[in-house]
Every structure is written in structure tokens, then in C-alpha cells.
Amino acid sequence: MASPPGSQCMETTNSPNENTKHNTNIACICKCAKSMPKKLKSKVVKTAIFAKKIGEDDPRRIIHSVKVGIALTLVSSLYYLRPLYDGFGQAGMWAILTVVLVFEFTVGGTLSKSLNRGCATLLAGALGIGAEYLANLCGDKGEPIVLGLMVFILATAATFTRFFPDVKRRYDYGVLIFIITFTLVAVSGFRVSEILELAHQRLSTILIGGATCILISIFVYPVWAGQDLHNLIAANIGKLAVCLEGFGGEFMSFREDEDEEWITRSDEDKSLQAYKSVLNSKTTEETLANLAWWEPCHGQFRFRHPWGLYLKTGALATECAHHFKIIQKYIYSKPQVKSEFIKKIQEPCRIISTESSQALKQLSSAIRNMTYPLPETEDHIKTSRTAAEDLKIILEKPYPPQQDHFQEIVQLLCVASVLVDVVKSVENISVSVNELSQKAGFRQQKPKADKQQQQLLHRGIVQPVNDSDGSDDSFVVIDVCKLAGGQETLAQALEREKLEMRS
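In C-alpha cells, the structure reads:
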């Protein structure tokens with residue numbers, strides 16, 4: 000049969016396009032195949048670099064991984080060694096499963112899960128055997144009804160207790176294991192005759208797995224949640240000090256030119272962004288405090304250590320960090336105001352920032368070294384409190400409105416007002432740290448001589464006694480200046496000495 004007149008033309012026309020598409024697909028496949036080794040190599044290198052970074056950030060993670068491997072190798076001997084396998088049989092798998100589920104990064108986490116799992120398994124196993132015995136008394140027809148009813152009642156009651164805050168915080172994992180174990184024992188007992196032997200093997204292997212995890216976690220490079228919480232609180236207070244120091248050193252400066260303006264740092268300045276990690280650490284603090292409650296005495300952390308006070312101090316630090324968030328919001332708008340208003344609030348704000356920063360640094364050091372705060376800490380707080388009162392007086396004075404810079408002035412007023420609240424927060428942190436020092440049994444430390452006071456001794460504050468009166472010149476008279484909260488500050492003492500020398 001003859002083909003239509005235009006069919007040959009269409010075939011002739013379409014065949015080159017089809018060949019071109021076919022060749023293009025083959026070229027793409029070849030190109031992808033050639034680039035695949037390079038992409039695979041690039042991903043492997045990136046993964047290796049990322050893994051290296053994780054290990055360098057905290058080498059304890061590598062040690063923890065090795066510890067888990069050791070624990071699994073030890074409990075696997077229940078299968079490898081014939082005498083142990085004859086004793087435990089297939090129940091040895093529960094020991095391996097226990098290690099995988101309960102071995103945590105910290106000692107507190109491992110103890111929490113191990114004890115919860117062990118106690119829950121023991122209690123649920125005993126109740127399961129009792130339920131099976133009670134169901135057998137009801138005959139063949141009543142046995143499944145009694146078992147189902149008991150499973151329903153206990154599972155419902157146990158699940159409801161998981162909503163209790165205290166149970167949720169410390170025993171949630173144990174309640175979950177209780178529900179699983181009781182249900183498995185009760186259901187298995189309906190079909191398995193040797194229910195007592197089954198419960199004994201399962202409980203024994205779970206205890207072996209849990210004990211292995213506890214021993215390795217405590218005695219092989221232990222990671223204490225209490226120590227991590229202790230260091231975290233100290234570090235957070237130190238970060239607040241860095242933020243305040245940066246604020247006092249840079250934000251309260253202005254240029255001496257025609258257009259004097261508020262100098263700010265860029266958003267990338269890490270010292271001024273440190274408060275953000277304090278805001279995000281609340282959940283970590285609560286988790287570490289919960290795990291530290293399970294840990295035994297270690298180092299300087301005694302039995303019944305006041306972990307709750309760490310949470311209190313951390314909450315106060317978070318409250319202080321919220322003030323920095325407000326300050327940053329106004330500061331990064333870079334207001335431009337004439338120096339007439341800036342000079343009024345500059346010095347009190349600088350003193351508040353500097354003195355509060357020094358107080359926070361000393362409080363952070365006291366927590367880190369587990370010592371009482373130095374007496375100088377209270378002096379710094381008194382100085383910042385005095386500056387805050389001066390700043391309040393300035394803010395209460397009427398100021399003539401300037402329409403050109405009205406918004407900027409309002410922003411500066413907000414910053415100054417928040418700084419007054421920062422002083423209160425620092426005072427609260429100091430009170431909490433002192434309470435923690437007392438209840439935790441921190442040791443006393445000797446106060447160090449202040450460098451500024453030592454410089455004053457060389458500038459005329461210490462003067463030899465004139466021997467014109469015939470007295471012995473083997474002693475000197477020291478003019479001691481009281482710090483803030485007393486009569487005069489060190490700066491005022493220097494100024495007074497200069498005036499006396501001129502006169």
C-alpha cells in the first residue's frame with residue numbers, strides 16, 4: 000500500500016530533530032557520569048571537615064562514641080560466649096537494646112534512664128506476673144477479660160501521670176517503660192507457659208546492660224551535667240559583662256567634628272551579640288539541672304547541691320539579656336544628636352556600663368572558681384547605683400524639644416532608662432550569686448589590691464610624715480579614700496589631690 004504523499008517528507012524532516020535530542024540526552028548522561036566522582040569527592044570532603052569541626056568543638060563527643068562502642072562490645076558477649084548464651088538465650092538482645100537506649104552523653108542522663116528503666120521493668124514485671132496469676136484464677140474464659148481490663152486500667156493511669164510536671168521532668172522515661180513492659184509481660188503470659196522464667200531473663204539482661212552503661216559512664220572520662228551547668232551559668236554572666244563593656248566603650252563615644260554623631264559598631268561585632276546565646280540557653284539550663292539532680296557527689300559538688308539556685312541565677316541573667324536586646328534595637332538605628340544632650344547622659348551611662356561590667360566579671364569568676372565574690376564587687380555595684388540615680392535626675396529634668404532630633408532623643412532616653420533597669424538586674428544577680436556561694440559551700444578568697452589604688456599610692460596619697468616635730472620617720476600616713484557609697488570616689492580623690500598641690 001502506498002504511503003501518503005506528505006508522510007515521507009515528515010519523516011525526513013523529523014528524523015534530524017530526533018537524532019539531535021537523542022545525542023543531547025547521551026551527552027548530558029555522559030557529563031553527569033563524569034562529574035559524579037568529583038561531586039561525590041566534594042561531599043565526602045565536606046562531611047569529613049564537618050565531622051572534624053564537631054570533634055574539635057568538643058572532644059568529649061569522640062570519647063562518648065568510643066564509650067558506647069565499648070559498652071555494646073561487652074554486652075554482646077551474652078551472645079558470643081556459649082555459657083552466657085545458654086543462661087540467657089534470646090533475652091540477651093535486651094541488654095544490647097538497653098545500652099543503645101540508656102547510654103547518654105552525661106553521667107546524669109545515663110543514670111536517669113538506667114534507673115528509670117531498671118525500676119520500671121522490675122515493677123511492671125512483678126505486676127504483670129501478678130496479673131497473670133489473678134487471671135488464671137478466673138478460668139479460660141475469664142482470663143483474657145481480666146488481663147485486658149488490667150492492661151486498660153494500668154496503661155490509662157500510667158499515661159495520665161505523665162502529664163504531672165514532676166513526673167514529666169524526671170520519670171517520664173520510666174513511666175513509658177512501665178507501660179511497655181507490663182503490657183508485654185501480661186500479653187506474653189497468655190500464650191507462654193514459663194512466664195516467670197521469661198520475666199527473670201528479661202530483667203536480668205536489662206540490669207546487666209544498665210549496670211554496664213553506668214560503670215563506663217562514671218569511671219571512663221565522665222561528663223558531668225552539673226559541671227556543664229556550672230560552667231554555662233558562669234559563661235553567660237561573663238558574656239553579659241562583655242556586652243556591657245562594649246556598650247560603655249563604644250556606644251557612649253561621639254566624634255568631635257561638625258556633625259557629632261553616635262558611634263555604633265556593626266551587627267557583626269560578636270562582643271555585642273553575645274547576649275543572644277544567653278537568651279537561648281534557658282532550655283539547656285533546665286535540662287542540665289534536671290540531669291545533675293541524678294548525679295552522685297563529684298569534685299566540689301556535694302550531695303544535695305543547690306542546682307535550683309543555678310536556674311535562678313540563669314533566669315536573672317536571661318532577664319538582664321532582654322535589656323540588652325532593647326538597647327541594641329535603639330542603638331543600631333544610629334541616631335544623630337547634637338552633643339549638648341549626649342554630654343548630659345554620657346558620663347552616667349559610661350559609669351553604669353563600666354562598673355556593672357566589672358561587677359559581672361567578678362561574679363562570673365567567683366562562680367567559675369567556686370569562691371565567694373570579692374568585696375570589690377559590691378563597690379562596683381554601689382558606684383553603678385549612684386550613677387543610675389544621677390541618670391534618673393537628668394531624665395526627670397525638662398528638656399526643650401528639638402523637632403529635628405526629637406525621635407533620636409526619645410531613643411536615647413529609652414536607652415538610658417533601660418540602663419537603669421540593667422543596674423537593678425546586676426544587683427539581683429549579685430544577691431543570687433552570694434546565696435549560691437553560701438549554700439553551695441564556696442571557699443573564701445583573699446581580696447586583691449586594686450591597680451588604681453596602687454597607682455594612687457605613688458601619686459601622693461601616701462606621704463612621709465614630716466620629722467620637724469621630732470617624731471620617728473619610720474612610718475607613713477595613708478589617706479584612704481572610700482569608694483562609691485562613701486564620701487568620694489577615686490577620681491574625686493585624684494582631683495582633690497591636684498587642687499591641694501596647686502594651692
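Start counting the sequence shown at 0; every next residue gets the next number (numbering that gives the first Met the number 0). Where a beta carbon is used, it is the ideal one built from N, C-alpha and C, also for glycine.
Cutoff 7 Å; reference A154; Cβ partners in own chain excluding five residues on either side: I178, T182
Whole-number beta carbon distance between V417 and I326, since they are thought to touch under 8 Å: 5 Å
C-alpha gap between G307 and A288, whole angstroms: 7 Å
Separation of K342 from D258, as counted between CA atoms: Low confidence applies here, because D258 scores a pLDDT of 43, under 50, leaving its location unreliable; read the following figure in that light. Taking the straight line from one Cα to the other gives about 15 Å.
Endpoints, the alpha helix (DSSP H) within which A130 is located: 106-135
Exposure label - A50; buried when at least 16 CB within 10 Å: exposed
6 Å CB neighbourhood of L77 in its chain, flanking five on each side removed: L83, F87, G91, A94
Cβ-based burial, M149 [other Cβ within 10 Å; buried from 16]: buried
A234 versus L359 - alpha carbon distance: 11 Å
Per DSSP, cross-strand counterpart(s) of R442: T370
Assigned exposure category for S64 - 16 Cβ within 10 Å defines buried: exposed
The alpha helix (DSSP H) enclosing Q200, as first and last residue numbers: Q200 -> alpha helix (DSSP H) spans 194-218.
Exposure of N230, with buried meaning 16 or more beta-carbon neighbours within 10 Å: Counting Cβ neighbours within 10 Å, N230 comes out exposed, since fewer than 16 surround it.
Cβ-Cβ distance between S111 and L290 below 8 Å: In this structure, S111 places its C-beta atom within 8 Å of the C-beta atom of L290.
Inter-residue spacing [alpha-carbon to alpha-carbon] between A316 and R59: 27 Å
Within 8 Å, strictly: CB atoms of T120 and I205: yes
Close Cβ partners of A185 (< 6 Å) along its chain, the five nearest in sequence each way excluded: G127, A130, L146, V150
F441 versus I351 - alpha carbon distance: 28 Å
Cα-Cα separation between A198 and T158, rounded to whole angstroms: 23 Å
Cut-off 6 Å between Cβ atoms - residues of its own chain near S216, not counting five sequence neighbours on either side: V106, T109
H304, DSSP secondary structure in three states: coil
Alpha carbon of N368 to alpha carbon of A439, nearest angstrom: The alpha-carbon atoms of N368 and A439 are separated by roughly 12 Å.
Contacts around E426, its chain only, beta-carbon distance under 8 Å, and the 5 residues preceding and following it disregarded: Around E426: I380, R384.
Same chain, Cβ closer than 8 Å to W223, neighbours up to 5 away in sequence not counted: Counting only Cβ-Cβ distances below 8 Å, and skipping sequence neighbours, we find T105, V106, G107, A291, E294, H297, G298, F300.
Burial state of L362 (16 or more Cβ within 10 Å): buried
For G503, the nearest candidate out of I28, A32, I428, K42 (CA to CA): Since the first and last residues shown for the chain are 0 and 502, residue 503 lies out of range.
Nonlocal neighbours in the same chain, by C-beta distance under 7 Å from N115, ignoring five residues either side: Y170, Y172, G173, I176
Cα-Cα separation between A70 and L133, rounded to whole angstroms: 39 Å
Top-ranked residue by Cα proximity to I392, from Q357, P374, I344: The residue with the shortest Cα to Cα distance from I392 is I344.
Same chain, Cβ closer than 7 Å to L456, five either side skipped, listed in chain order: Residue confidence is low: L456 scores 43 on pLDDT, short of 50, so the model does not pin down where it sits. No coordinate-derived value is stated.
For K66 and L96, the rounded distance between their alpha carbons: Roughly 16 Å between the two C-alpha positions.
Cross-strand partners of H297 (DSSP beta bridge): F300
Continuous alpha helix (DSSP H) assignments of at least 4 residues falling wholly in the stretch 57-91: Counting whole runs of 4 or more residues, the stretch 57-91 contains the alpha helix (DSSP H) stretches 59-74, 76-79, 81-87.
Cut-off 6 Å between Cβ atoms - residues of its own chain near E10, not counting five sequence neighbours on either side: Residue placement at E10 is flagged as unreliable, the pLDDT there being 47, under the threshold of 50; a coordinate-derived value is accordingly withheld.
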